[in-house]
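Student: Number 204 in the working numbering belongs to position 73 of the sequence shown; there are no gaps in the numbering.
Note that the Cβ used here is the ideal one computed from N, Cα and C, for glycine as well.
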Amino acid sequence: VGHIGFKTCEEIVKNKLVDDLPDVDLTNLRPFCEVCAKAKSTRHPFPKESHTEYKNYGDKVVTDLWGPARTKSLGNSFYFEPFID
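1. State yes or no: is the C-beta of valine 193 nearer than 6 Å to some heavy atom of the ligand FAD?
2. Using alpha carbons as the reference points, say which of Lys186, Thr173, Thr158, Ile215 lies closest to aspartate 195.
3. State the beta-bridge partners of threonine 194 as determined by DSSP.
4. Give me, in chain order, the residues of the same chain whose beta-carbon lies closer than 7 Å to that of valine 132; leave out the 5 immediate sequence neighbours on both sides.
5. From what residue to what residue does the alpha helix (DSSP H) around isoleucine 135 run?
6. Which residues mark the beginning and the end of the alpha helix (DSSP H) in which serine 172 is found?
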């Protein structure tokens, strides 16, 4: 999801893999993230195929959000959002 796993964090601290990392007490950390657990539990797989027919323009619109980009676009944007009908 949006962060490294607990085991990876534990290895970084124990093996001092990051310079100037302050002392971190891992005993009180939980080995899982409640937000991640909730997000993973509410996802549904995509269906293998769809039999729904869309007859009119705008009946189904699909969108996605990409970004942030490292470099600003010509229109001064860091994100891209396509809308597909």
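Tutor: Result, derived from the coordinates:
1. No copy of the ligand FAD appears in this structure; indeed no ligand is present at all.
2. Ile215
3. Phe214
4. Reliability fails at valine 132, whose pLDDT of 44 lies under 50, so the model's placement of it is uncertain and the value that follows must be treated cautiously. Cβ neighbours of valine 132 beyond the five flanking positions: Cys167, Ala170.
5. Looking at the DSSP string, isoleucine 135 is not in any alpha helix (DSSP H), and its letter there is neither H nor E.
6. 165-172
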